[in-house]
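Visitor: I am attaching a structure below and will ask some questions about it afterwards.
Listed below in structure tokens is the structure:
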């Protein structure tokens, strides 16, 4: 690649020499020709052509290739990526303020200033190859910052004269990096602004020493996973379910977190609370037993009984609050059990059932039950949709039954 560029430059130089000689008409000419744009009247150093200007501008930056193939540390053996680091030139003022440059091509936070580390340990992490084929070795790994700022997993590179903040590391932390024409804004997951890097000579730089940083531990390249964040994202799923999803890799993109219930989730507690019941009537509408009965079915339960039952059919008498509980294997058994129940209690108590009240479940709203009620002369009252309060007597009894048998 280098030889090809040299040959091209030599060819262009010979071309300009021939052009100069042909224009001199046998004599030596004092006219100056620019070797950058080919126009006479100036030299390449003073050329204002855009093409030459861009080449000059490009000389202020050089490439450094991350090469960890020579690393003896097992921490980096699995990494096969190479990060191209664009190191921008800085002036005398920038050297005094030691700014950090936001670099989208840098795969790690890096610096060459060992005095910025508050914690530093020796580390052989490979080499950084610069554009002039010079190499700088990674000689340390540590934490940079002060009491209010913490940037962990920062590499100390021998020969690196710039402080580089990796955009990819910030994004992996879950932060939002938004570039504008004059500044770069970094926000956390709550869309709170952490810091702003202003544009200076076509690079985005920030000086943490001049900022009042509060809660900036976010810049750590390695952090604990926010288990409660994923708990909320996945519909307030339990920590046990989240652990199973992570263990078996059932959700793409779910990080390897340790899901432990270290505290109570307030929305989960509020969601499990029930509304206060309606005020108790001073006088009852019923005057005898079996005048009004309430029915409800709950299940299937997570654990079946020894007999294979997983549904509970609950019947409550409104006058006496006497309760009958039947355990069923399937929902379609409700009708047969109810027919036997009516014959049993009417014969046993000597009263006839007048009104039955239930919700709008399919086990209660069907042709068989309607025909049976019409034949026996029962009035079937249905609660309004999504209004379990209208059948609150049996709903509360159902909840009590669940707590008694440990189903909730």
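In full-length UniProt numbering, the protein residues as written are 1 to 408.
Built from N, CA and C at the ideal position, the CB exists for glycine as well.
Only a predicted model underlies this, so the values are computations on that prediction, with no experimental measurement involved.
Could you compute how far the alpha carbon of residue 332 sits from the alpha carbon of residue 341?
Guide: In the chain shown, counting from the first residue as 1, residue 332 sits at position 332. In the chain shown, counting from the first residue as 1, residue 341 sits at position 341. If you take the alpha carbons of residue 332 and residue 341, they lie about 15 Å apart.
Visitor: Tell me the DSSP secondary structure of residue 205 in three-state form.
Guide: The residue labelled residue 205 in the question sits at position 205 within the chain shown. Three-state result, residue 205: strand.
Visitor: Between residue 261 and residue 202, what straight-line distance do the alpha-carbon atoms span, to the nearest angstrom?
Guide: Locating residue 261 in the chain shown gives position 261, counting from the first residue. Locating residue 202 in the chain shown gives position 202, counting from the first residue. Their backbone Cα atoms lie some 48 Å apart in a straight line.
Visitor: Note the first and the last residue of the continuous beta strand (DSSP E) segment covering residue 121.
Guide: Within the chain shown, the letter at position 121 stands for residue 121. Element bounds for residue 121: 117-122.
Visitor: Can you list the alpha helix (DSSP H) stretches of 4 or more residues lying completely in the region 237-323, in chain order?
Guide: As far as the region 237-323 is concerned, its whole alpha helix (DSSP H) runs of at least 4 residues are 239-247, 266-272.
Visitor: Write down the C-beta distance between residue 112 and residue 165 rounded to the nearest angstrom, noting that I regard them as a contact closer than 8 Å.
Guide: Along the chain shown, read from residue 1 onward, the residue named residue 112 stands at position 112. Along the chain shown, read from residue 1 onward, the residue named residue 165 stands at position 165. Going by Cβ atoms, the distance from residue 112 to residue 165 rounds to 14 Å, so no, they are not a contact pair.
Visitor: Determine which residues share a DSSP beta bridge with residue 140 and list them.
Guide: In the chain shown, counting from the first residue as 1, residue 140 sits at position 140. Per DSSP, 122, 156.
Visitor: May I ask you to report which of helix, strand or coil DSSP gives residue 135?
Guide: For the purposes of this step, residue 135 is identified with residue 135 of the chain shown, where counting begins at 1. Three-state DSSP puts residue 135 in a strand.
Visitor: Per the DSSP calculation, residue 326 is bridged to which residue(s)?
Guide: What you label residue 326 is simply residue 326 of the chain shown in a count that begins at 1. DSSP lists 313 as partners of residue 326.
Visitor: For the region 250-270 against the region 370-386, do three or more pairs of beta-carbon atoms, one drawn from each stretch, fall closer than 8 Å, so that the two count as touching?
Guide: Taking 8 Å as the limit for Cβ pairs, the verdict is that the region 370-386 does not touch the region 250-270.
Visitor: For the beta strand (DSSP E) holding residue 193, just list the boundary residues, first then last.
Guide: Within the chain shown, residue 193 is the residue found at index 193, counting from 1. Taken as a continuous stretch (DSSP letters only), the beta strand (DSSP E) holding residue 193 covers 193-200.
Visitor: So, are the CB atoms of residue 167 and residue 156 less than 8 Å apart?
Guide: Reading the chain shown from its first residue, position 167 is the one you call residue 167. Reading the chain shown from its first residue, position 156 is the one you call residue 156. For residue 167 and residue 156, no; Cβs fall outside 8 Å.
Visitor: Under three-state DSSP, which class holds residue 364?
Guide: Counting from 1 along the chain shown, the entry for residue 364 is found at position 364. Three-state DSSP puts residue 364 in coil, outside helix and strand.
Visitor: Grouping DSSP H, G and I as helix and E and B as strand, with all else coil, what is residue 163?
Guide: If you number the chain shown from 1, residue 163 lands on position 163. Three-state result, residue 163: strand.
Visitor: Taking the beta carbon of residue 359 as the centre, do at least 16 other beta carbons fall within 10 Å, making it buried, or is it exposed?
Guide: Along the chain shown, read from residue 1 onward, the residue named residue 359 stands at position 359. That one is buried.
Visitor: Using only the alpha-carbon positions, how far apart do residue 208 and residue 136 sit?
Guide: Walking along the chain shown from the start, residue 208 turns up at place 208. Walking along the chain shown from the start, residue 136 turns up at place 136. Rounded to the nearest angstrom, the two C-alpha atoms are 25 Å apart.
Visitor: Helix, strand or coil for residue 457 per DSSP?
Guide: A question about residue 457 goes unanswered here, because the residues of the chain that appear run from 1 up to 408.
Visitor: What whole-angstrom Cβ distance do residue 296 and residue 391 have, given they're in contact under 8 Å?
Guide: Position 296 of the chain shown, counted from the start, is the residue given in the question as residue 296. Position 391 of the chain shown, counted from the start, is the residue given in the question as residue 391. Residue 296 to residue 391, Cβ: 7 Å. Contact.
Visitor: Given a threshold of 16 other Cβ atoms within 10 Å of its Cβ, counted over all protein chains shown, does residue 357 qualify as buried or as exposed?
Guide: For this step, residue 357 is matched to residue 357 along the chain shown. Counting Cβ neighbours within 10 Å, residue 357 comes out buried, since at least 16 surround it.
Visitor: Tell me which residue opens and which closes the alpha helix (DSSP H) that residue 380 is part of.
Guide: Along the chain shown, read from residue 1 onward, the residue named residue 380 stands at position 380. Counting along the chain, residue 380 falls outside any alpha helix (DSSP H), though it belongs to the beta strand (DSSP E) covering 379-382.
Visitor: Just the Cα atoms here: how many angstroms apart are residue 397 and residue 190?
Guide: Residue 397 sits at position 397 when you count from the first residue of the chain shown. Residue 190 sits at position 190 when you count from the first residue of the chain shown. Their Cα atoms are separated by approximately 43 Å.
Visitor: Apart from the five residues on each side of it in sequence, which residues of its chain come closer than 7 Å, Cβ to Cβ, to residue 223?
Guide: For the purposes of this step, residue 223 is taken as residue 223 along the chain shown, with counting starting at 1. Residue placement at residue 223 is flagged as unreliable, the pLDDT there being 41, under the threshold of 50; a coordinate-derived value is accordingly withheld.
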